[in-house]
Amino acid sequence: MTTVRTIRELREWLLPERRAGRTIGLVPTMGAFHGGHLSLIRRAREDCDVVVVSLFVNPTQFGRGEDLGSYPRDESRDVELAAEEGVDLLFVPSVDEVYPDGFDVTVRVGGLTSVLDGDARRRGPEHFAGVATVVTKLFNMVAPDVAYFGQKDAQQALVVRKLVRDLDIPVRIEVCPTVRDADGLALSSRNRYLSGDERERALALSRALRAAERSVAGGRRDAASVLGAARAELDRAGIEPEYLELRSLTDLAPADRVNGSTLLAVAARVGRARLIDNAILGGTP
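The C-terminal position of the sequence shown is numbered 470 in this note's numbering, with every residue numbered one higher than the one before it.
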């Protein structure tokens with residue numbers, strides 16, 4: 186595995202691979218690798234001739250008061266794990282390399298970025314402007330054929346799909362299933378913030394999703410019933426969600442019933458950790 190830190194090195198390394206017609210896959214990450222990241226890398230390794238992983242804690246997607254300074258970082262461990270998984274090229278740029286002096290361009294995606302995490306009461310639309318900007322830059326730097334994202338960040342995945350479509354960026358977006366620990370907790374770098382007791386409480390998020398799935402399987406597809414089943418699990422754990430909502434899986438419009446393409450999304454703070462999770466609910470209209 187080769188590690189590079191500049192855009193020039195990145196492009197020089199990739200040029201002969203591109204000229205040879207090899208398929209290039211990109212896994213964008215903020216590091217602190219866990220099983221979710223590794224599952225994306227493995228999928229890219231299966232699909233592509235060349236696997237590029239970016240490791241960059243992007244400051245522009247963190248809001249005021251968020252955990253930019255304390256966000257988990259462990260580059261040496263990430264390097265070891267990437268090498269073990271057969272990554273070809275690890276791109277670890279500095280903030281100045283990605284955002285040089287005088288940089289003042291922002292990419293904004295409309296429609297999808299004002300709800301859920303994009304609501305101004307939560308992370309706000311500026312969060313997704315930061316995501317869209319850095320993803321656009323990474324796509325321009327790497328020029329991948331395929332890029333891999335996780336379903337746990339469902340709203341982010343929809344934003345990236347729209348970004349690629351609307352700006353005619355020639356990259357295929359693959360969204361891979363959420364990876365969970367054996368107890369059901371969705372893997373996240375921020376899980377490191379949880380104490381033992383907090384982790385037990387955090388399991389209520391995945392239990393809430395399962396309760397909603399049971400509600401739908403039992404024939405109750407109206408929003409009140411589905412959300413009520415999920416909310417009961419959170420209440421039992423003493424968790425007040427930032428949001429617990431049913432949304433269209435295509436455009437995040439509010440959904441009043443499960444219709445086969447319905448996203449149940451939840452976000453909550455447990456101790457220092459802000460956790461998100463979701464499930465795609467099935468059924469017929």
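Ideal Cβ placement from N, Cα and C applies to all residues, glycine included.
Quick one: grab the DSSP three-state call for residue i.
| i | result |
| --- | --- |
| Glu-359 | strand |
| Ser-261 | helix |
| Asp-462 | strand |
| Thr-469 | Annotation note: pLDDT 47 at Thr-469 (below 50); position unreliable, coordinate value reported separately. Coil. |
| Glu-197 | helix |
| Ala-205 | coil |
| Gly-210 | strand |
In angstroms with no decimal places, state the Cα-to-Cα distance between residue i and residue j.
| i | j | result |
| --- | --- | --- |
| Pro-329 | Val-272 | 14 Å |
| Gly-413 | Thr-187 | 50 Å |
| Val-320 | Leu-195 | 16 Å |
| Tyr-284 | Gln-246 | 13 Å |
| Arg-190 | Asp-232 | 25 Å |
| Asp-366 | Asp-353 | 37 Å |
| Val-364 | Gly-335 | 9 Å |
| Ser-255 | Val-236 | 29 Å |
| Asp-436 | Ala-217 | 30 Å |
| Ala-393 | Gly-445 | 19 Å |
| Ala-371 | Ser-391 | 8 Å |
| Met-326 | Val-238 | 12 Å |
| Leu-448 | Pro-426 | 16 Å |
| Phe-313 | Leu-200 | 30 Å |
| Thr-469 | Val-443 | Low confidence applies here, because Thr-469 scores a pLDDT of 47, under 50, leaving its location unreliable and the question unanswered by this model. |
| Gln-340 | Asp-302 | 8 Å |
| Ala-440 | Glu-430 | 8 Å |
| Val-455 | Leu-419 | 11 Å |
| Ser-279 | Arg-258 | 13 Å |
| Arg-204 | Gly-221 | 31 Å |
| Val-349 | Glu-311 | 19 Å |
| Arg-405 | Arg-227 | 37 Å |
| Asp-263 | Val-242 | 13 Å |
| Gly-403 | Ser-433 | 21 Å |
| Ser-400 | Asp-281 | 50 Å |
| Ala-229 | Lys-322 | 20 Å |
| Ala-267 | Met-215 | 13 Å |
| Ala-408 | Ala-396 | 13 Å |
| Val-290 | Pro-244 | 14 Å |
| Val-360 | Arg-346 | 10 Å |
| Arg-384 | Gly-369 | 11 Å |
| Gly-210 | Arg-421 | 43 Å |
| Asp-382 | Asn-376 | 12 Å |
| Thr-298 | Val-212 | 22 Å |
Report the partner residues of residue i according to the DSSP bridge assignment.
| i | result |
| --- | --- |
| Val-189 | Phe-276 |
| Ser-433 | Thr-447 |
| Arg-442 | Asp-407 |
| Arg-548 | This structure cannot settle anything about residue 548, because the visible part of the chain is limited to 186 through 470. |
| Arg-457 | Paired residue(s): none; Arg-457 is not in a bridge. |
Assuming residue i and residue j make a contact with CB atoms under 8 Å, what is their CB distance in whole Å?
| i | j | result |
| --- | --- | --- |
| Ile-424 | Ala-389 | 5 Å |
| Ser-380 | His-219 | The Cβ separation is near 18 Å, so there is no contact. |
| Ala-317 | Val-294 | 5 Å |
| Val-277 | Glu-260 | 7 Å |
Is the Cβ of residue i closer than 8 Å to any Cβ of chain B?
| i | result |
| --- | --- |
| Val-280 | The chain labelled as chain B is not found in the depicted structure, where only one protein chain is given. |
Legend entry - Segments of 4+ residues assigned as alpha helix (DSSP H) that fall wholly inside the segment 215 to 294: 220 to 232, 260 to 269 and 280 to 283
Legend entry - Every unbroken alpha helix (DSSP H) inside the segment 289 to 360 [4 residues or more]: 310 to 327 and 339 to 351
Inset, instruction - Could you pull out every unbroken alpha helix (DSSP H) segment of at least 4 residues lying fully inside the segment 367 to 424, listed in chain order? - result: The segment 367 to 424 contains these whole alpha helix (DSSP H) runs: 381 to 402 and 408 to 421.
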